[in-house]
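The structure under discussion appears below in the form of structure tokens.
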Amino acid sequence: MTTFMTVLGIVVFVVGLLFSIAWHEFGHFSTAKMFGVRVPQFMVGFGPTLWSKTKGETEYGIKAIPLGGYIRMIGMFPPGDDGKVRQRSTSPFRGMIEDARAAAYEELQPGDEKRMLYTRRPWKRFIVMFAGPFMNLVLAVVVFVTVLMTFGINTQTTSVSTVSECVIPASAQSDKCHGGAPASPAKAAGLQPGDKIVGFDGRKVEEWDDLQQSIRETTGPATLTVERDGARKTLQADLIENKVAKSDGRGGYVPDEYVTAGFLGFTPASGVVQQSFPQAVDRMGDMVESGVHALVALPGKVPDLWNAAFDGAERKQDSPMGVVGAARVGGEVFSLDIPPSQRVATMLLLVAGFNLSLFLFNLLPLLPLDGGHMAGAVWESLRRGFAKVFRRPDPGPFDVAKLMPIAYVVAGVFICFTLLVLVADVVNPVRLTG
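Take a look at the structure:
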């Protein structure tokens with residue numbers, strides 16, 4: 477049964493992946509068609525074609541390798557200086573440029589002269605290229621907010637899981653009480669496992685991060701209002717200063733960092749809690765912020781990936797994952813011993829996270845990513861605006877094809893990184909459980 481659920485989880489993730497890719501390409505496709513650009517192909521995946529069907533002027537299809545997708549637009553690059561597509565040069569860099577230009581003119585038909593992408597205003601080209609990643613962002617937000625508001629999310633609550641027997645600094649190597657250690661304020665106040673704290677010093681509390689902040693800002697006497705066995709009780713506590721784990725501002729902790737703050741001495745219980753719309757939006761903002769930080773930190777994770785792939789080092793939980801690793805995690809999600817609703821919710825969050833990553837990654841202003849074409853459109857708009865202000869001749873379209881040598885270098889780096897992640901995902905995968 478576990479094997480079946482694992483395979484089912486992998487299949488569900490792959491379906492979600494293919495939909496996400498198609499959704500991304502639909503953003504490019506729909507805006508290109510809206511601006512009158514001819515689109516001969518709409519493909520999900522790379523490699524050999526498994527299925528295709530031509531409808532109207534576009535061939536729609538699915539290819540064998542689900543690592544991306546593409547739409548083919550007529551005239552992505554302007555022609556050469558003489559207005560023609562030249563034969564390939566013996567210069568390797570010039571050859572790259574001319575190959576890219578030639579590919580942009582494949583399948584050119586009579587009447588396409590006014591339907592080529594490069595003939596559109598820069599702001600229209602920007603929209604066409606931005607629409608793909610934007611669709612991923614829309615999907616990520618809709619899925620994430622819907623899951624939080626319907627299924628809920630496992631989070632820390634204001635209920636008490638355990639009560640500390642004594643005062644021990646969070647940086648201590650052991651959680652055992654030593655001789656002379658005073659009783660924790662929570663223990664002295666009579667707080668018990670199962671109590672739900674609903675008030676702190678006369679203020680109503682509903683969320684753990686608010687209660688945590690109130691505790692850390694308080695030293696000395698404080699009142700706790702708790703629900704116990706269906707009745708409310710008021711407890712008197714005397715909070716003290718202690719070395720505690722640094723808060724991340726969202727109810728969690730920063731690893732291996734400590735601060736001195738007010739201390740009560742209990743561990744909150746975790747539970748699945750539905751979020752309100754403002755709470756869901758706030759968490760979505762945190763997710764975007766974390767995604768940006770992860771993208772910036774990506775180059776620094778290469779040594780750890782290499783060690784995990786080839787030296788048997790521990791694979792960290794925040795290590796980058798590729799499609800293979802994410803699919804394996806999807807299979808593990810469906811085999812977890814948790815309620816079916818939480819399996820579905822976790823899988824949906826995994827797909828939402830993948831879409832958020834696609835959005836952020838494609839915004840990088842580097843060819844061949846969408847962000848590189850967007851940057852080219854912005855630069856062209858600035859050049860033409862500058863020429864107009866200073867009454868200079870129109871410089872014409874910016875030839876993004878001239879950047880293709882850089883694009884090949886960037887693509888080479890991405891391919892090497894993808895292969896490294898693939899090896900790590902196969903030999904030393906990230907695991908949800910031990």
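With the first letter of the sequence shown counted as 1, position 388 gets the number 864 in my numbering; the numbers rise by one all the way through.
Glycine included, C-beta positions come from ideal geometry on N, C-alpha and C.
Cβ pair residue i, residue j closer than 9 Å
i: alanine 616; j: phenylalanine 835; result: yes
i: alanine 796; j: alanine 770; result: For the record, residue 796 in the displayed sequence is proline; it is not alanine. Closer than 9 Å, so yes.
i: cysteine 642; j: alanine 659; result: yes
i: alanine 721; j: glutamate 733; result: yes
i: lysine 663; j: valine 639; result: yes
i: glycine 807; j: glycine 485; result: yes
i: valine 636; j: threonine 743; result: yes
i: tyrosine 594; j: glycine 551; result: yes
i: valine 618; j: valine 757; result: no
i: valine 947; j: methionine 823; result: A query on residue 947 cannot be resolved here, the shown segment of the chain reaching from 477 to 910 and no further.
i: proline 841; j: leucine 740; result: no
i: alanine 900; j: proline 844; result: no
i: aspartate 846; j: phenylalanine 553; result: no
i: arginine 923; j: proline 905; result: In the structure displayed, the chain extends from 477 to 910; residue 923 sits before or after that span and is not available.
Per-residue DSSP class, three states only, for residue i
i: aspartate 787; result: coil
i: threonine 694; result: coil
i: asparagine 904; result: coil
i: lysine 722; result: strand
i: serine 528; result: strand
i: proline 598; result: helix
i: valine 561; result: Bear in mind that the predicted position of valine 561 carries a pLDDT of just 45, short of 50, making it unreliable; the figure below should be weighed with that in mind. If DSSP states are grouped into helix, strand and coil, valine 561 belongs with coil.
i: serine 567; result: The predicted model places serine 567 with a pLDDT of 48, which falls under 50 and marks its position as unreliable; any figure quoted below should be read in that light. Serine 567 falls in the coil class under three-state DSSP.
i: arginine 867; result: coil
i: alanine 648; result: coil
i: glutamate 703; result: strand
i: methionine 549; result: coil
i: glutamate 765; result: helix
i: proline 661; result: helix
i: phenylalanine 810; result: helix
i: phenylalanine 874; result: coil
i: arginine 591; result: coil
i: valine 681; result: coil
i: valine 899; result: helix
i: glycine 485; result: helix
i: leucine 493; result: helix
i: leucine 667; result: coil
i: phenylalanine 511; result: coil
i: alanine 540; result: strand
i: glycine 523; result: strand
Cα-Cα separation between residue i and residue j, rounded to whole angstroms
i: glutamine 632; j: glycine 670; result: 14 Å
i: arginine 601; j: methionine 850; result: 7 Å
i: threonine 634; j: valine 764; result: 26 Å
i: proline 434; j: glutamine 585; result: Not covered by the structure: residue 434. The range shown for the chain is 477 to 910.
i: glycine 738; j: phenylalanine 627; result: 34 Å
i: leucine 624; j: leucine 858; result: 42 Å
i: valine 561; j: leucine 494; result: Summary for valine 561: the model assigns pLDDT 45, below 50, so the residue's position carries little reliability; its value from the coordinates is reported in the next sentence. Cα to Cα, valine 561 sits roughly 35 Å from leucine 494.
i: leucine 687; j: proline 542; result: 45 Å
i: isoleucine 547; j: lysine 719; result: 56 Å
i: proline 555; j: glutamate 533; result: 23 Å
i: serine 746; j: valine 772; result: 31 Å
i: valine 735; j: isoleucine 691; result: 13 Å
i: glycine 852; j: valine 604; result: 13 Å
i: alanine 883; j: glycine 503; result: 22 Å
i: threonine 985; j: lysine 709; result: An answer regarding residue 985 cannot be provided, because it is not within the stretch 477 to 910 covered by the chain.
i: leucine 832; j: serine 496; result: 10 Å
i: proline 645; j: alanine 713; result: 19 Å
i: phenylalanine 862; j: histidine 500; result: 33 Å
i: glycine 587; j: alanine 508; result: 17 Å
i: glycine 829; j: phenylalanine 866; result: 46 Å
i: lysine 864; j: proline 598; result: 15 Å
i: threonine 695; j: glycine 776; result: 40 Å
i: glycine 706; j: glycine 798; result: 49 Å
i: valine 897; j: glutamine 793; result: 14 Å
i: tryptophan 527; j: glutamine 517; result: 13 Å
i: glycine 767; j: proline 697; result: 41 Å
i: aspartate 870; j: leucine 774; result: 40 Å
i: leucine 781; j: lysine 529; result: 41 Å
Residue i - partner residues in DSSP beta bridges
i: aspartate 714; result: Pro697
i: phenylalanine 742; result: Val639
i: valine 945; result: Absent from the model: residue 945. The displayed extent of the chain is 477 to 910, so no value can be given.
i: glutamine 517; result: Glu535 and Arg548
i: alanine 737; result: Asn718
i: glycine 675; result: Lys680 and Thr701
i: arginine 708; result: Glu703
Integer Cβ distance of residue i from residue j, believed to fall under 8 Å
i: phenylalanine 505; j: valine 490; result: Contact doesn't hold; Cβ gap of about 22 Å is too wide.
i: leucine 812; j: arginine 819; result: 6 Å
i: valine 748; j: isoleucine 629; result: 7 Å
Min CB distance residue i to chain C below 9 Å
i: threonine 710; result: Protein chain content of the structure displayed is limited to a single chain, and chain C is not contained in it.
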